[in-house]
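Worksheet: the structure to be examined is printed underneath.
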Amino acid sequence: MAKKKIRIRAKMKGGVAEVKALMSHAMETGLRKNKKTGKKIPAHFIQDVTCTHKGNTVLVASWGPAISKNPYLSFKFKGAAKGDTVTISWADNKGGKASADAKIG
Amino acid sequence: MKRRTFLKGTVASGVLGVAASAGLLMPRMVLAAWPKAAFDATKIDDGLNALYGSASTAASGDIKIKAPDIAENGAVVPITISTGMKASSIAVLIEKNPSPLTCSYELGGDTVGFVSCRVKMGKTSDLIAVVKSGGKLYSAKRKIKVTIGGCGG
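Rendered as structure tokens:
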């Protein structure tokens, strides 16, 4: 089974939409060494995360390699309603991309 | 020295101008401009200068950093930054990491001043949250103790 690259949960709470997302990514810093070969493991991490709601960009995250493996992101925004769709997409430093959306519940 | 401050000022306003004229947040433009220099910087001030064009922040009591006092595993330290200010941008820096700038968030007009994520910390260090509100920078600090390093595992 293919692993889902992004899991999103969005919920209305007191007029504010609360979005929680879990992404599946190695987030290599480029500083770690392969213990067997002694060579550095090349950096591989998510750089940009964009969250949109109804065509509006709600949040743009710029991440460095110091974000933990399998990153978690949570944020809140106003002006949403139940049933709206939130889209989250990321791009990493090697050109990898993923995108997913969820309905606000 | 004066010339330098002047240059910094113009760069900052230039960046702001561009951001404003582009409707602040065009995803593609932001994608093209991942602030490499800011993330490569090894000092907090350099990182802030590269990111915001200024490193002078005012300490604020209106920024809350929710994080463990002692992180058992430096590879995964959950943090939450929240502020009551109308924030346009939030950045997180960890002083003792190889590159202090950890993440920065550009917030849309309806976005609440709240972000939560998990970060890596090499060792015990101050975590600094910087909030940009109304063109000014505010910051708050919190020390987090790390018992196992996050870099190298």
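Protein chains in written order, with my numbering: chain W, 1 to 105; chain H, 1001 to 1153. For every residue, glycine included, the Cβ atom is placed at its ideal position computed from N, Cα and C.
For residue i, does the count of other Cβ atoms within 10 angstroms reach 16, so buried, or fall short, so exposed?
| i | result |
| --- | --- |
| N1097 (chain H) | buried |
| G95 (chain W) | exposed |
| K35 (chain W) | exposed |
| A102 (chain W) | buried |
| T50 (chain W) | buried |
| S1056 (chain H) | exposed |
| G1108 (chain H) | buried |
| G1134 (chain H) | exposed |
Between the C-alpha atoms of residue i and residue j, what's the straight-line distance to the nearest angstrom?
| i | j | result |
| --- | --- | --- |
| A1038 (chain H) | K1136 (chain H) | 18 Å |
| S1104 (chain H) | I1148 (chain H) | 25 Å |
| S24 (chain W) | S1099 (chain H) | 23 Å |
| A1033 (chain H) | D92 (chain W) | 13 Å |
| V1076 (chain H) | G38 (chain W) | 24 Å |
| F45 (chain W) | S89 (chain W) | 14 Å |
| K1086 (chain H) | A98 (chain W) | 30 Å |
| K1145 (chain H) | T1124 (chain H) | 4 Å |
Is it true that the CB of residue j sits closer than 8 Å to the CB of residue i?
| i | j | result |
| --- | --- | --- |
| K82 (chain W) | G55 (chain W) | no |
| I1063 (chain H) | V1112 (chain H) | no |
| V86 (chain W) | A10 (chain W) | yes |
| G1047 (chain H) | L1127 (chain H) | no |
| I6 (chain W) | A21 (chain W) | yes |
| K69 (chain W) | A100 (chain W) | no |
| R1045 (chain H) | G79 (chain W) | The question names Arg, but residue 1045 (chain H) in the sequence shown is Asp. The answer is no: Cβ separation not under 8 Å. |
Assuming residue i and residue j form a contact by the criterion Cβ under 8 Å, report the distance between their Cβ atoms to the nearest whole angstrom.
| i | j | result |
| --- | --- | --- |
| V16 (chain W) | F75 (chain W) | At roughly 10 Å, the Cβ-Cβ gap does not stay under 8 Å, so V16 (chain W) and F75 (chain W) are not in contact. |
| A1041 (chain H) | R1142 (chain H) | Not quite, the Cβ-Cβ distance comes to about 21 Å (not below 8 Å), so this is no contact. |
| A1140 (chain H) | A1059 (chain H) | 7 Å |
| A43 (chain W) | T29 (chain W) | 6 Å |
Three CB pairs or more closer than 8 Å across the stretch 1043 to 1061 of chain H and the stretch 1087 to 1106 of chain H: yes
Are the stretch 1113 to 1125 of chain H and the stretch 1077 to 1089 of chain H touching by the rule of at least three beta carbon pairs closer than 8 Å? yes
Taking 8 Å as the threshold, find out whether the stretch 63 to 74 of chain W comes into contact with the stretch 1063 to 1072 of chain H through three or more Cβ pairs. no
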